[in-house]
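Numbering (this note's numbering), first residue to last: 331 to 693.
The structure is reproduced here in structure tokens:
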């Protein structure tokens, strides 16, 4: 038996199929993963993401600490409530984890990180924080619900009240606002509009029920995975890990090398890689033959071999798609072959994301 979120019994009562995910018993679907996927693309769905790790960091030097901890630059966070997506690297430039940092005030930042990397993340961040006199506090008493889809915000206002509309209605993406005990964030992992709501665990069941009454359908982690893949969002452990730099994982945009004086962990390794040349890149694949792309399938191209990192059937496109790490030089429009059960099937290199905001992004 794994760890359970405050919504575990609610999932069981709703007939969810539960699976182990990063040591947690989580719903994979409530009947049809594809229907849940379409629900988010077309209307509104909600996900229990209370397995995610919420940690608070406080201290006079918390900003200086974070400037060394992550590859993106927290000096971009100037307005309270603003959020930043970034990677935490080791000295070789490998990705320890990807995470979101929220700036609450000059002495208080919040980080949301992955459940599957909990132990190593906590140890790494605690050791680094100690050097700056920063106090790290994990917040297991908090839960997290993601409400996603074109009608997600409107239905959330209906469920939780007009005060929320007044406070959060004008928020831009990657911002947050605190209303009482709720922290409402315009972030997500689906490529759709919506909120991620951090709230006391004791309020999770009631909030879930109110959202359901407003027409927000429960969705499992299966749909969340196909949605994030369509949206071109990387998954830790599949598309990135400690052996890969952000440049090899399609996350160069999360690295801030300016100002040059900022010495974050992994910087020297990244600069060396840039100087010598990145030999592998993450690309999108669209399968042209019949079949389904999965992770860790061999890919053959003119420049050599690579492999898929994430793959699935895309309900929005009605085609099979994948992210793949291929040799440098492979370009959008190139044809490649993927080994699926011993057969080489034709695929096309495409620019991802594949689909967002309810529609295809492919030409």
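All residues carry an ideal CB built from backbone N, CA and C; glycine is no exception.
Remember, predicted model here, so these are calculated numbers, not experimental data.
Quick one: grab the DSSP three-state call for residue i.
i	result
residue 566	strand
residue 637	strand
residue 435	strand
residue 586	coil
residue 615	strand
residue 390	coil
residue 626	coil
residue 543	helix
residue 558	helix
residue 578	coil
residue 468	strand
residue 333	strand
residue 452	helix
residue 537	helix
residue 685	strand
residue 594	coil
residue 524	strand
residue 654	strand
residue 604	helix
residue 405	helix
residue 462	coil
residue 445	coil
residue 488	helix
residue 649	strand
residue 347	strand
residue 692	coil
Between which two residues does the beta strand (DSSP E) harbouring residue i extend?
i	result
residue 481	Unbroken run through residue 481: none, as it is neither H nor E.
residue 501	Neither: residue 501 is in no beta strand (DSSP E) and is coded neither H nor E.
residue 667	665-670
residue 376	375-378
residue 355	354-359
residue 416	413-419
residue 679	673-680
residue 549	Neither: residue 549 is in no beta strand (DSSP E) and is coded neither H nor E.
residue 513	512-515
Compare the C-alpha of residue i against each of the options and name the closest.
i	options	result
residue 598	567, 355, 562 and 424	424
residue 458	446, 512, 421 and 487	421
residue 440	629, 432 and 474	432
residue 456	494, 472, 498 and 385	385
residue 413	516, 478 and 538	516
residue 709	620, 574 and 587	No statement about residue 709 is possible, as the shown extent of the chain runs from 331 to 693 and does not include it.
residue 294	349, 410, 344 and 345	Summary: the structure shown does not reach residue 294, with the chain confined to residues 331 through 693, and so no result is reported for it.
residue 648	625, 403, 689 and 630	689
residue 560	685, 342 and 335	685
residue 354	360, 336 and 343	336
residue 381	443, 591 and 514	443
residue 563	525, 654, 621 and 362	654
residue 629	602, 449 and 676	676
residue 581	651, 389, 427 and 407	427
residue 505	535, 434, 565 and 469	434
residue 453	418, 338, 478 and 484	418
residue 533	391, 518, 378 and 462	378
residue 537	576, 477 and 621	477
residue 388	670, 465, 448 and 415	465
residue 576	530, 416, 525 and 482	416
residue 438	483, 346 and 410	410
residue 625	670, 601 and 586	670
residue 578	527, 656, 592 and 530	656
residue 390	620, 408, 462 and 447	462
residue 448	482, 530, 567 and 692	567
residue 467	392, 535 and 526	392
residue 371	527, 528 and 554	554
Since residue i and residue j are thought to touch, with beta carbons under 8 angstroms apart, how far apart are those beta carbons, to the nearest angstrom?
i	j	result
residue 668	residue 604	At roughly 29 angstroms, the Cβ-Cβ gap does not stay under 8 angstroms, so residue 668 and residue 604 are not in contact.
residue 658	residue 609	5 angstroms
residue 556	residue 645	6 angstroms
residue 523	residue 480	6 angstroms
residue 358	residue 552	5 angstroms
residue 640	residue 565	6 angstroms
residue 445	residue 383	6 angstroms
residue 485	residue 374	5 angstroms
residue 674	residue 403	At roughly 44 angstroms, the Cβ-Cβ gap does not stay under 8 angstroms, so residue 674 and residue 403 are not in contact.
In terms of residue numbering, what span does the alpha helix (DSSP H) encompassing residue i cover?
i	result
residue 338	338-343
residue 660	First-last for residue 660: undefined, no H or E at that position.
residue 400	Counting along the chain, residue 400 falls outside any alpha helix (DSSP H), and DSSP gives it neither H nor E.
residue 368	363-372
Is residue i near the ligand MG, with its Cβ less than 8 angstroms from a heavy atom?
i	result
residue 487	Judged by which ligands are present, the structure shown has none, so any question about the ligand MG falls away.
At a cut of 8 angstroms, does the segment 656-664 reach the segment 589-597 through at least three beta carbon pairs?
Not touching, per the Cβ criterion.
So does the segment 626-637 actually touch the segment 680-692, counting three or more Cβ pairs closer than 8 angstroms?
Because the criterion of three Cβ pairs below 8 angstroms is not met, the segment 626-637 and the segment 680-692 do not touch.
If we count Cβ pairs, one from each stretch, closer than 8 angstroms, do we get three or more for the segment 359-374 versus the segment 542-555?
With the cut-off at 8 angstroms, the segment 359-374 and the segment 542-555 touch.
Assess contact between the segment 392-400 and the segment 472-487, defined as three or more Cβ pairs (one per stretch) separated by less than 8 angstroms. Is contact present?
Too few Cβ pairs lie closer than 8 angstroms, so no.
If you pair each beta-carbon of the segment 528-542 with each one of the segment 496-503, do three or more pairs fall below 8 angstroms?
No, the segment 528-542 is not in contact with the segment 496-503.
Does the contact criterion of 3 or more C-beta pairs under 8 angstroms hold for the segment 486-497 versus the segment 344-361?
Between the segment 486-497 and the segment 344-361, the count of Cβ pairs shorter than 8 angstroms is below three; the stretches do not touch.
Is there contact here, the segment 613-623 with the segment 564-571, by at least three beta-carbon pairs under 8 angstroms?
With a cut-off of 8 angstroms, the segment 564-571 and the segment 613-623 do not count as touching, because too few Cβ pairs lie within range.
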